[in-house]
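Novice: Below are the structure tokens for one structure; questions will follow.
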Amino acid sequence: MAVERTLSIIKPDATTRNLTGKINAKFEEAGLRIVAQKRMKLTKEQAGVFYAVHKERPFYDELCGFMASAPVVVQVLEGEDAIARNRDVMGATNPAEAAEGTIRAEFAQSVGENSVHGSDAPETAKNEIAFFFSELEIVG
Ligand code: ADP
Ligand code: MG
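Taking our numbering, the leading residue of the sequence shown gets 332, the next gets one more, and so forth.
Below, the structure is given as structure tokens:
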């Protein structure tokens, strides 16, 4: 297994409920290191560019509106197999299907307001990290 980096976002439903620390503890307990982090308020347009891959999906407008509705915390997580490991810690997209102990099982409110985003592959991780962070801001 290689040391990887992945892009994580703590979504508005979680920041508004003051869950940043509890979610970060889940990452750290899973062996993921937070090597960059910042709190931001995205515009709907910025959210739309980030989620452009979902442009044709019926939930796209709702998703972009939600992501711009309150602050997010964007992060780079680093560790062995970090992309898949983070997806495991996050749990399934729909919290009703998320395994016990995962972030979405414990904290998500619905399939849309599901507390966290995580990159799904090496190429998307690279692009999503570059969307939010310069190399200077990532301190491993
Ligand atoms: P994941 O975040 O698990 O990678 P997707 O990439 O499929 O899931 O979807 C991106 C995001 O879009 C989800 O995390 C969720 O916020 C939202 N979403 C996905 N499916 C739905 C849906 N059926 N209804 C509303 N929002 C959805
Ligand atoms: Mg996805």
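Here a beta-carbon is modelled for each residue, glycine too, at the ideal position from N, C-alpha and C.
Report back the beta-carbon spacing between residue 429 and residue 439 to the nearest angstrom; my notes put them in contact at under 8 Å.
Specialist: 7 Å between Cβ atoms; contact.
Novice: Can you give the beta carbon distance from residue 412 to residue 459, rounded, assuming they're within the 8 Å contact cut?
Specialist: Contact doesn't hold; Cβ gap of about 17 Å is too wide.
Novice: Going by Cα to Cα distance, which pick from 373, 407, 341 and 332 is closest to residue 435?
Specialist: Comparing Cα-Cα distances from residue 435 to each of 373, 407, 341 and 332, the minimum goes to 341.
Novice: Can you pull the DSSP bridge partners for residue 410?
Specialist: Looking at the DSSP assignment, residue 410 forms a beta bridge with 335.
Novice: For residue 341, does the three-state DSSP call read helix, strand or coil?
Specialist: Looking at residue 341 - three-state DSSP - the assignment turns out to be strand.
Novice: Would you say the region 377-388 touches the region 414-422, given that touching needs at least three Cβ pairs under 8 Å?
Specialist: No, the region 377-388 does not touch the region 414-422.
Novice: From residue 374 to residue 387, what distance separates their C-alpha atoms?
Specialist: For residue 374 and residue 387, the distance between alpha carbons rounds to 20 Å.
Novice: Tell me whether residue 419 counts as near the ligand MG, meaning its Cβ is closer than 7 Å to at least one heavy atom of that ligand.
Specialist: Not so, every heavy atom of the ligand MG lies at least 7 Å from the Cβ.
Novice: Taking only three categories from DSSP, how would you classify residue 372?
Specialist: Coil, per DSSP.
Novice: Inspect the beta-carbon positions of residue 390 and residue 343 and report whether they are closer than 8 Å.
Specialist: Cβ atoms of residue 390 and residue 343: not closer than 8 Å.
Novice: Considering only heavy atoms of the ligand MG, does any lie closer than 7 Å to the CB of residue 451?
Specialist: Residue 451 Cβ: within cutoff of the ligand MG.
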